[in-house]
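Protein chains in written order, with this note's numbering: chain A, 8 to 150; chain B, 277 to 848.
Cβ coordinates follow ideal geometry from the N, Cα and C atoms, glycine included.
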Amino acid sequence: MSIAKVLLVDDEIPFVEAMSKRLKKREIDIVTSFSGAEALDALQNDGSIEVAILDVKMPGMDGIETLGEIRKRFPLVEVIMLTGHATVETGIEGMKLGAFDYLMKPCDMTNLMDKLKEAVAKKRRHEEKIIEARMKEITGRRA
Amino acid sequence: MTMKQKTENYYHLLTRNMLLTIIIVSVMPMILVSGITLYQFEISYEEKVHAHLKELVLKHKQNIDTFLREKLDNIRFVGTSFSFEELKDEDFLRNRLETLQQIYGRVFVDLGVVNPKGIQVAYAGPFKLEKAVYSDANWFLQAMQSDYFKSDVFLGLRGLPHFIIAVRENWKGEKWILRATIDFLAFNNLVENLRIGQTGFAFILNQKAEFQTKPRLELAPDSEPYLSLLRNSGEFKDGVRIIEQDDTQGNKMIYVAAILKHGDWLLVYQQKASDAFSELNTTVKITLALILLGAICIVTTAFVISKKMVARVAKADKEKELMNEQIVETGKLASLGELAAGIAHEINNPVAIMVEEAGWIEDLLEEEEFKKGENLDEFERALKQIRTQGRRCKEITHKLLSFARKTDSRIQVVSINDLIEELVMLSEQRAKYSNVTIQVNLQKDLPTVRVSETELQQVMLNLINNALDAMGNAGGSLDISTRMEENNIIIGDHILVEVADNGPGIPTANLARIFDPFFTTKPVGKGTGLGLSICYGILKKMGGDILVRSIVGEGTTFTVKVPLPKKGNENA
Numbered sequence: 008m009s010i011a012k013v014l015l016v017d018d019e020i021p022f023v024e025a026m027s028k029r030l031k032k033r034e035i036d037i038v039t040s041f042s043g044a045e046a047l048d049a050l051q052n053d054g055s056i057e058v059a060i061l062d063v064k065m066p067g068m069d070g071i072e073t074l075g076e077i078r079k080r081f082p083l084v085e086v087i088m089l090t091g092h093a094t095v096e097t098g099i100e101g102m103k104l105g106a107f108d109y110l111m112k113p114c115d116m117t118n119l120m121d122k123l124k125e126a127v128a129k130k131r132r133h134e135e136k137i138i139e140a141r142m143k144e145i146t147g148r149r150a
Numbered sequence: 277m278t279m280k281q282k283t284e285n286y287y288h289l290l291t292r293n294m295l296l297t298i299i300i301v302s303v304m305p306m307i308l309v310s311g312i313t314l315y316q317f318e319i320s321y322e323e324k325v326h327a328h329l330k331e332l333v334l335k336h337k338q339n340i341d342t343f344l345r346e347k348l349d350n351i352r353f354v355g356t357s358f359s360f361e362e363l364k365d366e367d368f369l370r371n372r373l374e375t376l377q378q379i380y381g382r383v384f385v386d387l388g389v390v391n392p393k394g395i396q397v398a399y400a401g402p403f404k405l406e407k408a409v410y411s412d413a414n415w416f417l418q419a420m421q422s423d424y425f426k427s428d429v430f431l432g433l434r435g436l437p438h439f440i441i442a443v444r445e446n447w448k449g450e451k452w453i454l455r456a457t458i459d460f461l462a463f464n465n466l467v468e469n470l471r472i473g474q475t476g477f478a479f480i481l482n483q484k485a486e487f488q489t490k491p492r493l494e495l496a497p498d499s500e501p502y503l504s505l506l507r508n509s510g511e512f513k514d515g516v517r518i519i520e521q522d523d524t525q526g527n528k529m530i531y532v533a534a535i536l537k538h539g540d541w542l543l544v545y546q547q548k549a550s551d552a553f554s555e556l557n558t559t560v561k562i563t564l565a566l567i568l569l570g571a572i573c574i575v576t577t578a579f580v581i582s583k584k585m586v587a588r589v590a591k592a593d594k595e596k597e598l599m600n601e602q603i604v605e606t607g608k609l610a611s612l613g614e615l616a617a618g619i620a621h622e623i624n625n626p627v628a629i630m631v632e633e634a635g636w637i638e639d640l641l642e643e644e645e646f647k648k649g650e651n652l653d654e655f656e657r658a659l660k661q662i663r664t665q666g667r668r669c670k671e672i673t674h675k676l677l678s679f680a681r682k683t684d685s686r687i688q689v690v691s692i693n694d695l696i697e698e699l700v701m702l703s704e705q706r707a708k709y710s711n712v713t714i715q716v717n718l719q720k721d722l723p724t725v726r727v728s729e730t731e732l733q734q735v736m737l738n739l740i741n742n743a744l745d746a747m748g749n750a751g752g753s754l755d756i757s758t759r760m761e762e763n764n765i766i767i768g769d770h771i772l773v774e775v776a777d778n779g780p781g782i783p784t785a786n787l788a789r790i791f792d793p794f795f796t797t798k799p800v801g802k803g804t805g806l807g808l809s810i811c812y813g814i815l816k817k818m819g820g821d822i823l824v825r826s827i828v829g830e831g832t833t834f835t836v837k838v839p840l841p842k843k844g845n846e847n848a
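Below, the structure is given as structure tokens:
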């Protein structure tokens, strides 16, 4: 049983490869994609993805744009931004757009793991609440 | 030629051109206007003088003509009223002369009766001329040809200048002549009275260019222009002719001539042109003096103005040059920043990959088979080192990126005190860890400034962080104060912010370089050396200033000057 199912998005293939190996070793179920568009496809195809790790700077659709799309189409998926810029602004912008948190590249693995766990927990809590609400709705209907 | 000489030459040329332009533009119209006016004035004045002289000469001509006619009429009256029988009697003749002299004064000198053979049969007068023979005398021959005759002036038998009026009458079938001598002096007076100025006088010439009156000066009557006046008698207008000509001495003269005695005589008036036009000449002199004075004034003014202007231009040029240098500096810094940002960004990703790969090896080392390896510790140490250095790279690139990134440089109304209080609040946590007490001493009611808030924040935070870094873990106190400073010559009214720490201070050798980019004294990996140079750039852009004062062992004070909006410029 893995801790979580995570989508890792970055245009730097070696980075994605190294990261996915390390995350797999930490019992994370990992799906990778190398662009914003690919990431959206992956989310579309695999409904079990819980958290997305998004690089801010990518050719084509950049991180912020992709984040917007994810929030719109898959509101329950939590997003952690990875930024190469030291700009607090990009991180803040991402948070404003609904990202769970942001981390600066290169990032500390333990730090990332903590953030991932928190994000997954939040996501699951949300889901539980939704299920609860639904059940209440259904039980309420019966009564 | 050196650069300096070149610019000096340029300003010299500029001064000269300006001077010439001003002088030409102002002097030319003045000369033109004065010249035209003077010319017109001269023409009309000359016309006036000519008209005046003409009238004068005409009047005298009429006087002389009248005089001559009257005298002739007197004699004719005597000749026709009395018979030659009576006139031949010398007593009777003397009586007549006395009567004439009583009525007309001493104009008539003598009277004589001449018989057809030219012998003066009777004579009354002061000379002993009885029985004088005139049969060959020129006047006698001419007098016999017409009823009456006026002679030219001649010496005659008496040896004195005089002229004769003769009347021919028929008596007993023969032509007798009654003649009278006219007093030369009386006649002369008629002409001599015609005097104007210092050089103007008149005289009478006959056709042979002989004087008929005594001129005031010794003149050569047979010289030009008298001869030309005599020759061209046809060109007289209203009986008067005016010519201007140089005389033998080279003086410009005015000659006014009128015909007398039906062309036998010429009344000539002459005057030096300089005398006749003396008023005109005075006016011309005054005008010229005024023009000269004006020209001197203009030249002086032009000289002073062009000197001043060029000095200003030179000053402006120098300022511009300085500004250009500053712009070039700023530009250099900006492009340097861009370059740094580019490099930082490009390096960041490879570093991230390297760190991740090292992390992956670390992960793998934890597996059972490697645990037994004898170099495991060494592996782990090396990997840790890679991670540490990776983080160091990250820090450097992050700082570089923040140096280059565009900040929000919109101008806002900022209260410096509020800004400082906010930053102090943010920094208090860090200060507490390093045992630093922050003391704030802000002057109340400071005016607001118009600057970019983000930039000013960056400046102040940099200074506070630097101070905290400087004091390290040893602790100390950080004093931040603000106050108003007015009437600074260079940047005008401004707000002064002082950030003073009692840290170790900055050695003098380093003080001069602390605002240079990439200059740092922090241990390798701890600082980028960009903080203060960013502060410097921001403040210079605002029109403010940043100064540093430091004593080793006592502390460092940074002084920031933020300019207030200039009065009258506040709404701009």
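- B/Arg825 sits in a strand when the DSSP states are folded into three classes.
- A residue is called buried once 16 or more other Cβ atoms fall within 10 Å of its Cβ, and B/Asn651, having fewer, is exposed.
- Counting only the Cα atoms, B/Val586 lies some 7 Å from B/Leu290.
- Straight across, the Cα-Cα distance linking B/Trp447 with B/Arg434 is about 28 Å.
- For B/Leu481, the enclosing beta strand (DSSP E) has its first and last residue at 477-482.
- Counting only runs of 4 or more residues that sit fully inside the region 545-620 of chain B, the alpha helix (DSSP H) segments are 549-552, in chain order.
- A straight line joining the alpha-carbon of B/Val725 with that of A/Ile56 spans about 52 Å.
- Straight-line measurement puts the Cα of B/Ser703 at about 12 Å from the Cα of B/Asn711.
- Under a criterion of Cβ atoms nearer than 7 Å, no residue of chain A is adjacent to B/Val735; the nearest Cβ is some 17 Å distant.
- For A/Val38, the secondary structure class from DSSP, reduced to helix, strand or coil, is strand.
- With respect to the 8 Å criterion, A/Ala106 and A/Val86 are classified as neighbours on the basis of their beta carbons.
- Here B/His770 is buried, its C-beta having at least 16 other C-beta atoms within 10 Å.
- Flagged as an interface residue toward chain B: A/Lys112, by a C-beta distance shorter than 8 Å.
- In this structure B/Met599 is exposed. Its beta-carbon is surrounded by fewer than 16 other beta-carbon atoms within 10 angstroms.
- In the three-state reduction of the DSSP assignment, B/Arg507 falls in the helix class, which pools H, G and I.
- Secondary structure at A/Glu85: strand, using DSSP grouped into helix, strand and coil.
- Cβ neighbours of B/Arg759 within its own chain (closer than 7 Å, five residues either side excluded): Gln719, Leu772.
- Within chain A, no C-beta atom comes nearer than 8 Å to that of B/Ala743; the closest sits roughly 22 Å away.
- For A/Lys32, the nearest CB of chain B lies under 8 Å from its own CB, placing it at the interface with that chain.
- By the criterion of at least three beta-carbon pairs nearer than 8 Å, the region 459-468 of chain B is in contact with the region 331-347 of chain B.
- Residue pairing for B/Ser691: DSSP places it in no beta bridge.
- Counting C-beta atoms within 10 angstroms of its own C-beta, B/Cys573 has fewer than 16 neighbours from the protein chains shown and is therefore classed as exposed.
- Taking 7 Å as the cut-off between beta carbons, the residues of the region 13-41 of chain A near chain B are Glu19, Pro21, Phe22, Ala25, Met26, Lys28, Arg29, Lys32, in sequence order.
- Shown here, A/Met142 sits in a helix according to DSSP, grouped into three states.
- In the same chain as B/Leu363, and ignoring 5 residues on each side of it, the C-beta atoms closer than 7 Å to its own belong to Leu369, Val389, Ala398, Leu454, in chain order.
- Exposed is the label assigned to B/Glu761, since fewer than 16 other Cβ atoms lie within 10 Å of its Cβ.
- Within chain B, the residues Gly635 have their CB atoms less than 7 Å from the CB of A/Met116, given in chain order.
- In this structure A/Val16 is buried. Its beta-carbon is surrounded by 16 or more other beta-carbon atoms within 10 angstroms.
- By the Cβ test, the region 43-61 of chain A is not in contact with the region 617-626 of chain B, since fewer than three Cβ pairs between them sit closer than 8 Å.
- Bridge pairing for B/Trp447: B/Glu450 [DSSP].
- Distance from B/Leu481 to B/Leu506 at the Cβ level is roughly 7 Å; contact confirmed, criterion being Cβ atoms closer than 8 Å.
- A distance below 8 Å separates the beta carbons of A/Phe22 and B/Glu632.
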